[in-house]
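Colleague:
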Amino acid sequence: IDTDTARLQDFNFISCGAKLRYNYLKEATILPFLLSFGGLTFSIGGDIMMGNVDVTGEYDAEYEDITVTYSSIDYPLSANLNSTYGATVSWTVFTLSAQAIAYIDVMYLFSFYTGFGLATNLGFFSTDFNGNGQLTTKDPTFTNPSIKPDGLIGTMEFESVNSYMPGYVIPTFIFGVEINLFVIKLTADTMVNLANRSDVTLQGGVRLQL
Numbered sequence: 021i022d023t024d025t026a027r028l029q030d031f032n033f034i035s036c037g038a039k040l041r042y043n044y045l046k047e048a049t050i051l052p053f054l055l056s057f058g059g060l061t062f063s064i065g066g067d068i069m070m071g072n073v074d075v076t077g078e079y080d081a082e083y084e085d086i087t088v089t090y091s092s093i094d095y096p097l098s099a100n101l102n103s104t105y106g107a108t109v110s111w112t113v114f115t116l117s118a119q120a121i122a123y124i125d126v127m128y129l130f131s132f133y134t135g136f137g138l139a140t141n142l143g144f145f146s147t148d149f150n151g152n153g154q155l156t157t158k159d160p161t162f163t164n165p166s167i168k169p170d171g172l173i174g175t176m177e178f179e180s181v182n183s184y185m186p187g188y189v190i191p192t193f194i195f196g197v198e199i200n201l202f203v204i205k206l207t208a209d210t211m212v213n214l215a216n217r218s219d220v221t222l223q224g225g226v227r228l229q230l
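What follows is the structure, encoded as structure tokens:
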């Protein structure tokens with residue numbers, strides 16, 4: 021596929037959510053000005069994420085030494101495919117989650133946190149790929165006026181439609197760090213799917229805390 025011809029036709033992405041937190045264990049100093057226990061927090065929340073991406077483009081290919089049967093006669097030819105394609109990816113996922121997170125603060129600058137969570141998911145992820153084009157040849161043994169002067173061998177079409185469902189219940193492990201710059205908080209964390217231990221997400225963010 022020639023990625024230079026790919027054109028983005030549509031892109032939509034919506035994500036929103038809310039979370040309630042309860043600080044079960046309060047902060048406690050371990051080493052003054054150096055190390056402190058930031059607390060143990062339980063939370064429940066809900067998130068919804070939906071979107072779609074539509075792309076179109078062109079796909080050209082060359083085929084050497086193929087055999088085409090026309091009027092009961094076999095012709096060894098080289099051929100060219102000129103086609104266009106379209107691809108659509110769409111998703112909608114609603115997630116209810118519960119987490120237990122513990123925090124360790126280092127010199128009031130870094131806050132490390134880790135814990136476990138449980139996510140319940142409903143939704144879908146779907147893909148739709150399609151394309152069509154013409155297979156032609158310039159071989160004179162096939163394009164002479166008595167056979168196929170236009171050189172058209174035939175048309176080719178393809179379509180692939182697939183749909184996937186997210187895991188209904190997924191246990192997770194969370195680890196992250198927050199850098200405290202006065203009212204600005206820089207965060208980075210990772211979450212691992214404990215059901216298969218291969219799905220890993222990474223995210224970063226900035227927030228203001230007054």
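Take any residue in the sequence shown, count from 1 to its spot, add 20: that is its number in this note's numbering.
Glycine included, every Cβ here is placed at the ideal spot set by N, Cα and C.
If you drop the 5 nearest sequence neighbours on each side, which residues of the same chain put their C-beta closer than 6 angstroms to that of residue 60?
Modeller: 44, 45 and 122
Colleague: Got a sec, what are the start and stop residues for the beta strand (DSSP E) residue 96 sits in?
Modeller: 93 to 126
Colleague: Take the Cβ of residue 219 as the centre, count every other Cβ of all protein chains shown within 10 Å, and call the residue buried at 16 or more, exposed below.
Modeller: By the 16-neighbour rule on beta-carbons within 10 angstroms, residue 219 is exposed.
Colleague: Can you tell me whether residue 61 is helix, strand or coil according to DSSP?
Modeller: strand
Colleague: Residue 87 and residue 80: beta carbons closer than 7 angstroms?
Modeller: no
Colleague: Indicate the three-state DSSP secondary structure (helix, strand or coil) for residue 160 in the structure shown.
Modeller: helix
Colleague: In the DSSP output, which residue or residues are listed as bridge partners for residue 227?
Modeller: In the DSSP output, where bridge partners are listed per residue, residue 227 has 205.
Colleague: Measuring CB to CB, does residue 174 end up less than 7 angstroms from residue 102?
Modeller: no
Colleague: Out of 41, 27, 35 and 130, point me to the one whose CA is closest to residue 204's CA.
Modeller: 130
Colleague: Does the distance from the C-beta atom of residue 82 to that of residue 25 stay below 7 angstroms?
Modeller: For residue 82 and residue 25, no; Cβs fall outside 7 angstroms.
Colleague: For residue 84, collect the residues of the same chain with a Cβ closer than 7 angstroms to its Cβ; drop the 5 residues on either side in sequence, then sort them by chain order.
Modeller: 98
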